[in-house]
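Protein chains in written order, with the numbering used here: chain A, 5 to 232; chain B, 5 to 232. One structure is given below, encoded as C-alpha cells.
Protein chains: 2
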Amino acid sequence: MQPHVLVVEDEDALSELLSYNLKKEGFRVSLAADGEEAMMLVEERQPDVVVLDWMLPKISGIEVCRRLRSRHETRNLPIIMLTARGEEADRIRGLDTGADDYIVKPFLMKELFARVRAVLRRIRPGLAEDSVTVGDITIDRVAHRVVRSDLEIHLGPTEFRLLDYLMQHPGRVFSREQLLDAVWGSDVYVEARTVDVHIGRLRKALSAGGEHDPIRTVRSAGYALNAA
Amino acid sequence: MQPHVLVVEDEDALSELLSYNLKKEGFRVSLAADGEEAMMLVEERQPDVVVLDWMLPKISGIEVCRRLRSRHETRNLPIIMLTARGEEADRIRGLDTGADDYIVKPFLMKELFARVRAVLRRIRPGLAEDSVTVGDITIDRVAHRVVRSDLEIHLGPTEFRLLDYLMQHPGRVFSREQLLDAVWGSDVYVEARTVDVHIGRLRKALSAGGEHDPIRTVRSAGYALNAA
DNA sequence: AAGTTTGGTGACAGTTATGTGACGCCGCGC
DNA sequence: GCGCGGCGTCACATAACTGTCACCAAACTT
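Here is the structure:
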C-alpha cells in the first residue's frame with residue numbers, strides 16, 4: 005500500500021498543487037485546511053506522514069505539532085513543516101517541538117518528494133522496506149509475492165494491498181472504514197461489508213496450506229493481523 | 005540497458021566534460037551540482053554508480069558518502085571520489101567512509117572509464133558483465149545473442165533490450181511505465197499496452213523450444229522475470 | 001430463550017486487465 | 001521500387017478480479 009500523506013495547508017492553490025503532485029508520485033493524500041481539521045484527520049485516516057504548514061488559522065502549526073507529539077499514538081508520526089523564507093525562529097522552534105524536517109517555501113516538488121520519502125524511511129523503515137515478515141508470512145513488495153511457510157500464495161491486487169497494509173501494523177485492529185481508506189482509497193465509495201468479503205478471501209488464500217487463520221476478527225471493531 | 009552514472013561536481017566545465025565523455029562511452033549520465041541535488045537524484049534516478057567530487061557546496065562529498073552508506077537502499081551503491089592532488093587526508097577519510105575508489109585530478113578520461121567499469125564489475129557484476137545467466141536463459145550483450153538451454157533464440161532489438169533489462173533484476177516486478185522508461189527511453193511516447201505486445205513476443209520466442217514461460221504477469225502491477 | 005446485531009461465505013453479474021492475431025507503417029538492403 | 005523484418009496500435013476474446021446480495025451462523029442483549 006502506498007504511503008499516506010496528510011497535507012495541512014490553508015492556501016487552496018498550494019494544497020491542490022501538493023495533492024495533485026503527491027498523488028501523481030504515488031502517495032495517497034488527505035487535505036486539511038486548518039489545525040483542527042488536521043487533528044481530526046490524523047485520528048481518522050492515520051496518515052503515515054504529515055506535511056504541515058506553519059502558518060495556519062485556528063490552531064497554529066506549532067501547536068498541532070506539539071499536540072501530535074504529546075499523544076501516544078502520534079508520538080512518532082513523521083512531520084515535515086513548511087515555512088516561508090526567513091521564519092528562522094519558527095524553523096528552530098519547529099525542530100525543537102519535534103518536527104522531523106522542514107522545507108522552505110518556495111520549494112521544488114521533487115525536493116518535497118525526497119524529504120517525504122527520506123522521513124518515511126528514517127522513522128518507519130517498514131514502509132519503505134522491500135519485504136516484511138510477520139510470523140510465518142512474508143510479503144515482498146518488489147517481487148509482489150507472498151510466501152507462507154515456503155508455500156507461495158497467490159493474491160489478487162486488492163487482497164495483496166490489504167495484507168500489505170495489515171502487515172505494516174501487526175496486531176493492530178483496523179475498522180472497516182480505516183481499511184477502506186487505506187486499501188481502497190479515500191475517494192472511492194464501496195460498502196463496508198466488502199471488506200468482510202475480501203478478508204474472507206484473504207483468509208482462504210492464506211490458509212490454503214492448512215495453516216491456521218492469522219487474521220483476528222474483533223467484533224464490532226474490525227480486523228487485525230495476529231502479531232506473531 | 006546501459007549503466008547509469010551520477011556525476012556530482014560543482015564546476016560546470018568539468019561536469020560537462022565528464023557527461024559528454026561518459027555518454028560517448030555508452031553510459032547514461034545524470035549531473036548534480038551539489039550534495040543536496042546529489043541525494044535527490046540518487047533517490048530519483050537510482051544510478052548504478054556515483055562519481056563524487058570531494059569539494060562541494062552545501063553538503064560535502066564526505067557527508068554525501070556517509071549518508072549514502074547509512075541508508076539501506078544505497079549501502080552498496082558504488083562511489084568513486086574525485087580529489088584534488090594533495091588532499092591526502094580526505095582521500096583516506098573517503099575510503100574510510102566507504103567510497104569504493106578514488107581518482108586524483110587531473111585525470112585521463114579513460115582512467116575514469118576504467119575505474120567506473122571496474123567498480124561496476126566488482127560491486128554489481130551483472131551490469132558490466134558481457135553476459136548474464138538467469139535460470140536457463142543466458143544473454144550475451146556483446147554478441148547480442150540469447151541462448152536458452154543450448155538453443156539459440158532470435159530476438160528483435162526491442163525484445164533484446166527488454167529481456168536484458170528484466171534480467172538485471174530477476175524477480176522484480178516492473179510496471180509498464182518503468183519498462184517504457186528503461187527500455188524505450190523516457191523521451192519517446194508509446195502506449196503502455198505496447199509493452200504487453202512485446203512481452204508476448206518475447207514469451208513466444210523464449211518458449212520456442214517447449215520450455216515454460218519465464219515471465220510472470222502481476223495483474224495491475226506489471227511483469228517480472230522469474231528469478232530462478 | 002427469544003430477539004437483535006454482527007460476521008462468514010457462496011453465488012453472481014459486472015468490470016477491468018491481459019493475451020494475441022491482424023494490420024499498416026517505416027527504414028533498409030537490394 | 002520491392003520485399004522484409006520490426007514496430008506500435010487496435011480490436012476482440014478471455015481470464016481474472018470486484019462489489020453486492022442473500023442467507024445462515026455466531027455472538028451478544030434483554
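Glycine is no exception: its CB is placed at the ideal position from the N, C-alpha and C atoms. Small disclaimer: the values here were computed from a predicted structure and weren't measured.
Could you check whether the Cβ of V120 (chain A) sits closer than 7 Å to any heavy atom belonging to the ligand FMN? Inclusion of the ligand FMN in the displayed structure is not the case, the ligand content being empty and no account of it being possible.
Any beta carbon of chain B sitting closer than 8 Å to that of A147 (chain A)? One-based indexing of the first sequence puts residue 147 (chain A) at position 143. For A147 (chain A), the nearest beta carbon of chain B is closer than 8 Å to its own beta carbon.
May I ask which residues mark the beginning and end of the beta strand (DSSP E) holding T137 (chain A)? By 1-based counting over the first sequence, the position of residue 137 (chain A) is 133. Judged by DSSP secondary structure, T137 (chain A) falls within the beta strand (DSSP E) whose first and last residues are 135-138.
In three-state DSSP terms, what is H216 (chain B)? Here residue 216 (chain B) refers to the residue found at position 212 of the second sequence. Coil, per DSSP.
Nearest residue (CA-CA) to D191 (chain B), options B:D200, B:V12, B:E181: As a position in the second sequence, residue 191 (chain B) is number 187, starting the count at 1. The shortest C-alpha separation from D191 (chain B) is found at B:E181.
Mind checking whether V136 (chain A) and V177 (chain B) have CB atoms under 8 Å apart? Along the first sequence, read from residue 1 onward, the residue named residue 136 (chain A) stands at position 132. Along the second sequence, read from residue 1 onward, the residue named residue 177 (chain B) stands at position 173. Contact flag unset, no.
Considering only their Cβ atoms, is the gap separating V108 (chain A) from V68 (chain A) smaller than 8 Å? As a first step, residue 68 (chain A) must be located in the first sequence, where it is residue number 64. As a first step, residue 108 (chain A) must be located in the first sequence, where it is residue number 104. Their beta carbons are not under 8 Å apart, which means V68 (chain A) does not touch V108 (chain A) by this criterion.
Tell me whether the beta-carbon of T162 (chain B) lies closer than 8 Å to the beta-carbon of V194 (chain B). Along the second sequence, one-based indexing puts residue 162 (chain B) at 158. Along the second sequence, one-based indexing puts residue 194 (chain B) at 190. In this structure, the beta-carbon distance from T162 (chain B) to V194 (chain B) does not fall below 8 Å.
For E15 (chain B), three-class secondary structure by DSSP: In the second sequence, residue 15 (chain B) corresponds to position 11, counting from 1. In this structure, E15 (chain B) counts as coil in the three-state DSSP scheme.
I want to know whether the segment 19-38 of chain A touches the segment 205-214 of chain A - three or more CB-CB distances under 8 Å. At 8 Å Cβ cutoff, the stretches do not touch.
Going by the beta-carbon positions, is the gap between L10 (chain B) and L60 (chain B) smaller than 8 Å? Here residue 10 (chain B) refers to the residue found at position 6 when the second sequence is read from its first residue. Here residue 60 (chain B) refers to the residue found at position 56 when the second sequence is read from its first residue. Judged by beta-carbon spacing, L60 (chain B) lies beyond the 8 Å limit of L10 (chain B), meaning their Cβ atoms are not closer than that value.
Please report how far the alpha carbon of C206 (chain A) lies from the alpha carbon of L159 (chain A), in whole angstroms. In the first sequence, residue 206 (chain A) corresponds to position 202, counting from 1. In the first sequence, residue 159 (chain A) corresponds to position 155, counting from 1. First, the amino acid is wrong: residue 206 (chain A) is Leu here, not Cys. For L206 (chain A) and L159 (chain A), the distance between alpha carbons rounds to 7 Å.
Under the three-state reduction of DSSP, which class applies to F117 (chain A): helix, strand or coil? Reading the first sequence from its first residue, position 113 is the one you call residue 117 (chain A). In this structure, F117 (chain A) counts as helix in the three-state DSSP scheme.
To be precise: take each residue of the segment 221-232 of chain B, compare its Cβ to all Cβ atoms of chain A, and keep it if any distance is under 9 Å. Which residues remain? Listed in sequence order: V222, R223, S224, A225, G226, A228, A231.
Which residues bound the alpha helix (DSSP H) around D185 (chain A)? In the first sequence, counting from the first residue as 1, residue 185 (chain A) sits at position 181. Where D185 (chain A) is concerned, there is no enclosing alpha helix (DSSP H), given that its DSSP letter is neither H nor E.
Under 7 Å between beta-carbons, which chain B residues line up against E156 (chain A)? List them in chain order, please. To locate residue 156 (chain A), count along the first sequence from 1; it is residue 152. Listed by position along chain B, the residues whose Cβ is nearer than 7 Å to that of E156 (chain A) form an empty set, because the closest Cβ is around 11 Å away.
DSSP state of F31 (chain A), grouped into three classes? Numbered from its first residue, the first sequence carries residue 31 (chain A) at position 27. Reduced to three states, the DSSP call for F31 (chain A) is coil.
Hey, how far is the Cα of Q172 (chain A) from the Cα of T198 (chain A)? Along the first sequence, read from residue 1 onward, the residue named residue 172 (chain A) stands at position 168. Along the first sequence, read from residue 1 onward, the residue named residue 198 (chain A) stands at position 194. One C-alpha to the other measures close to 21 Å.
Would you kindly work out how many angstroms separate the C-alpha atoms of V138 (chain A) and R220 (chain A), rounded to a whole number? Working through the first sequence from its first residue, we reach residue 138 (chain A) at position 134. Working through the first sequence from its first residue, we reach residue 220 (chain A) at position 216. Rounded to whole angstroms, V138 (chain A) and R220 (chain A) show a C-alpha spacing of 14 Å.
Let me make sure I understand the geometry here. Which of B:P110, B:I83, B:M113, B:K114 has the alpha-carbon closest to that of V123 (chain B)? On the second sequence, position 119 is the one that residue 123 (chain B) refers to. Between V123 (chain B) and the set B:P110, B:I83, B:M113, B:K114, the nearest pair of CA atoms involves B:I83.
May I ask you to list, following chain order, the residues of the segment 42-67 of chain B that have a beta carbon less than 8 Å from some beta carbon of chain A? Correct list: M43, M44, E47, E48.
For G189 (chain B), is the classification buried or exposed, using 16 other Cβ atoms within 10 angstroms of its Cβ as the cut-off for buried? Counting from 1 along the second sequence, the entry for residue 189 (chain B) is found at position 185. Exposed.
Residues of its chain near S153 (chain A), where Cβ-Cβ distance is below 8 Å and the 5 sequence neighbours each way are ignored: On the first sequence, position 149 is the one that residue 153 (chain A) refers to. The residues D140, G213, E215, in chain order, have a CB closer than 8 Å to that of S153 (chain A) in the same chain once the five nearest residues on each side in sequence are set aside.
Between the C-alpha atoms of N25 (chain A) and V201 (chain B), what's the straight-line distance to the nearest angstrom? Your numbering for residue 25 (chain A) matches position 21 in the first sequence. Your numbering for residue 201 (chain B) matches position 197 in the second sequence. Using only the alpha carbons, I get a separation of about 30 Å.
Integer Cβ distance of D105 (chain A) from R121 (chain A), believed to fall under 8 Å: For this step, residue 105 (chain A) is matched to residue 101 along the first sequence. For this step, residue 121 (chain A) is matched to residue 117 along the first sequence. The Cβ separation is near 11 Å, so there is no contact.
What three-state label does DSSP hand M43 (chain B) in the structure shown? As a first step, residue 43 (chain B) is located in the second sequence; it is residue number 39 there, counting from the start. Taken through DSSP and simplified to helix, strand or coil, M43 (chain B) comes out as helix.
Starting from R121 (chain A), find everything on chain B with Cβ-Cβ shorter than 9 Å and list it in chain order. Locating residue 121 (chain A) in the first sequence gives position 117, where the first residue counts as 1. Within 9 Å Cβ-Cβ: E47.
Is G175 (chain A) near A231 (chain A), with beta carbons less than 8 Å apart? Within the first sequence, numbered from 1, the residue matching residue 175 (chain A) stands at position 171. Within the first sequence, numbered from 1, the residue matching residue 231 (chain A) stands at position 227. Taking a C-beta distance under 8 Å as the contact criterion, G175 (chain A) and A231 (chain A) qualify as a contact pair.
Within 8 Å (strictly less), CB to CB, does Y177 (chain B) reach chain A? Position 173 of the second sequence, counted from the start, is the residue given in the question as residue 177 (chain B). Note that residue 177 (chain B) corresponds to Val in the displayed sequence, not to Tyr. Interface criterion met: the Cβ of V177 (chain B) is under 8 Å from a Cβ in chain A.
DSSP state of F164 (chain B), grouped into three classes? Translated into positions along the second sequence, residue 164 (chain B) becomes position 160. Residue state, collapsed to three classes: helix.
Buried/exposed call for D52 (chain B), threshold 16 Cβ in 10 Å: Locating residue 52 (chain B) in the second sequence gives position 48, counting from the first residue. Burial of D52 (chain B) is indicated by the presence of at least 16 other C-beta atoms within 10 angstroms of its C-beta.
Could you have a look at G226 (chain A) and say whether DSSP puts it in helix, strand or coil? Mapped onto the first sequence, residue 226 (chain A) falls at position 222. Looking at G226 (chain A) - three-state DSSP - the assignment turns out to be strand.
List, in order along the chain, the chain B residues whose C-beta lies closer than 8 Å to that of A118 (chain A)? Here residue 118 (chain A) corresponds to residue number 114 of the first sequence, with the count starting at 1. Within 8 Å of the CB of A118 (chain A), the CB atoms of chain B belong to M43, M44, E47, E48, in sequence order along the chain.
Cutoff 7 Å; reference T78 (chain B); Cβ partners in own chain excluding five residues on either side: Counted from its first residue, the second sequence places residue 78 (chain B) at position 74. For T78 (chain B), where only same-chain residues beyond five positions count, the Cβ hits under 7 Å are V46, L72.
Figure out for me which residue from A:L155, A:K208, A:A88, A:L167 has the closest Cα to the Cα of A228 (chain A). Residue mapping note: residue 228 (chain A) aligns to position 224 of the first sequence, counting from 1. Nearest of A:L155, A:K208, A:A88, A:L167 to A228 (chain A), Cα basis: A:L167.
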